[in-house]
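Here the structure comes first, spelled out in structure tokens, and everything after it is commentary.
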Amino acid sequence: MPDKNNQNNSEGHSSGILQRVLSANPDLLVRALSAVVLAPVALGLTWAGGLWFGGLVLVGMLIVYWEWYRIILQKAQRPVVLLGYGFLLFIGFSYYMAQPLWIAGALIAGAVLLYGAGGFDRLSRWVSEGYLYAGLTFISLLALREGDDGLLFIIYLFLVVWGTDIAAYVCGRSFGGPKLWPAVSPNKTWSGAIGGVVFSSLLGMGVVAVAGGDNLIRALALAVVLSAVSQLGDLFESSMKRRFKVKDSSHLIPGHGGLLDRVDGLVSAAVFSYLAGVLLGGELFNPNAGLMLFAS
Numbered sequence: 153m154p155d156k157n158n159q160n161n162s163e164g165h166s167s168g169i170l171q172r173v174l175s176a177n178p179d180l181l182v183r184a185l186s187a188v189v190l191a192p193v194a195l196g197l198t199w200a201g202g203l204w205f206g207g208l209v210l211v212g213m214l215i216v217y218w219e220w221y222r223i224i225l226q227k228a229q230r231p232v233v234l235l236g237y238g239f240l241l242f243i244g245f246s247y248y249m250a251q252p253l254w255i256a257g258a259l260i261a262g263a264v265l266l267y268g269a270g271g272f273d274r275l276s277r278w279v280s281e282g283y284l285y286a287g288l289t290f291i292s293l294l295a296l297r298e299g300d301d302g303l304l305f306i307i308y309l310f311l312v313v314w315g316t317d318i319a320a321y322v323c324g325r326s327f328g329g330p331k332l333w334p335a336v337s338p339n340k341t342w343s344g345a346i347g348g349v350v351f352s353s354l355l356g357m358g359v360v361a362v363a364g365g366d367n368l369i370r371a372l373a374l375a376v377v378l379s380a381v382s383q384l385g386d387l388f389e390s391s392m393k394r395r396f397k398v399k400d401s402s403h404l405i406p407g408h409g410g411l412l413d414r415v416d417g418l419v420s421a422a423v424f425s426y427l428a429g430v431l432l433g434g435e436l437f438n439p440n441a442g443l444m445l446f447a448s
């Protein structure tokens, strides 16, 4: 017969560990519940593609723009920033109509208007840059999803970025060592950054191999670059919040802060992928043709 005392001691020990973890991370349960609710919705719409994914990215783009100027302006009132929503919606319509000149015109006109309406000062420049950040995010993610082997590439992109985050956290906590950029993000270490790059690059290459692609060296090289770019995007957002003395971009996602806090690395990796794909011979609405990860 099992020893009830040993069983009770084991259960008590496990309960004690759980209590210590929760006390050290009071938002852990809320964060986990938020992820359980939101992640399946986002992944389901990504899988569905088309207007479903377009709607998801459009809403995300508008939220990112809102959080960005909220960080910059805080309690200052500049009604002109509301015009940015109109331009961003027009970018979405132009993309749906496959009009690249309309998109380029809206990006330029919106950025100039938002900068000029504030008197070309520092804050209006930041707002203008946030508008471009949101607009390029929308274009990049949608073009990558709708391009050649779009679903496979988005899965590759997601796993590289998420793998970077997870491995960087685990390696940083496990190995410690010199800080990566203590003035901006005091918890990030070089061991975490390197671990994130190594793990995510192997993960990205594995995705392409499982999907039957032959360009494994290209997949590995691109994953290395995207991992580094995603970490730079994370550091950039951290530096921006530190500059404006803001802890979170918003309180939209319980336990996680704002959407921008969660997608900063993904945004930078997606925009880089889009620009690289176009420069390597892809099309404006099909950058994947230039990346050629899954071509046999």
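Counting with my numbering, you get residues 153 to 448 for the letters of the sequence shown.
Glycine residues also receive a C-beta, built at the ideal position from the N, C-alpha and C atoms.
**Message:** In this structure, how does DSSP classify L332 when only helix, strand and coil are distinguished?
**Reply:** strand
So, at 6 Å on beta carbons, what are the nonlocal neighbours of F305 in its own chain, with the 5 sequence-adjacent residues on each side left out? L296, N440
Quiz item: Would S352 pass as a contact of S379 if the rule is Cβ separation under 7 Å?
Solution: yes
Exercise. Buried or exposed: M249, going by 16 or more other Cβ atoms within 10 Å of its Cβ?
Worked result: exposed
Beta-carbon contacts of S343 that lie in its chain and below 7 Å, excluding the five residues immediately before and after: C323, G324, F327, G328, G329
G409, DSSP secondary structure in three states
strand
**Prompt:** DSSP three-state call for P231: helix, strand or coil?
**Reply:** helix
Practice prompt. Spatial neighbours of W333 within its chain, please: CB distance less than 7 Å, with the 5 preceding and 5 following residues excluded, ordered by chain position.
Written response: K340, L387
Exercise for review: Would you kindly report the start and end of the unbroken beta strand (DSSP E) that includes P338?
Suggested key: 337-341
| Between K331 and the ligand PLP, is the CB less than 6 Å from at least one heavy atom? | Questions concerning the ligand PLP fall outside what the structure shown contains, since it holds no ligand whatsoever.
Range covered by the alpha helix (DSSP H) that runs through V135 = One cannot answer for residue 135 here, as it falls past the ends of the chain, which runs 153 to 448.
Could you tell me the distance, in whole angstroms, from the CA atom of A263 to the CA atom of R395? 22 Å
message: Run through the DSSP bridge pairs and tell me what E435 is partnered with.
response: N438
**Whole-angstrom C-beta distance between Y221 and V279, which should lie under 8 Å** = 5 Å
Along the alpha helix (DSSP H) that carries M213, what are the first and last residues, could you check? 202-225
Open item on the list: Along the chain, where does the alpha helix (DSSP H) containing S276 start, and where does it finish?
Closed with: 274-298
### Query
Using the rule of at least 16 other Cβ atoms within 10 Å of the residue's Cβ for burial, across every protein chain shown, is K393 buried or exposed?
buried
query: Roughly how many whole angstroms lie between the Cα atoms of L235 and T198?
result: 28 Å
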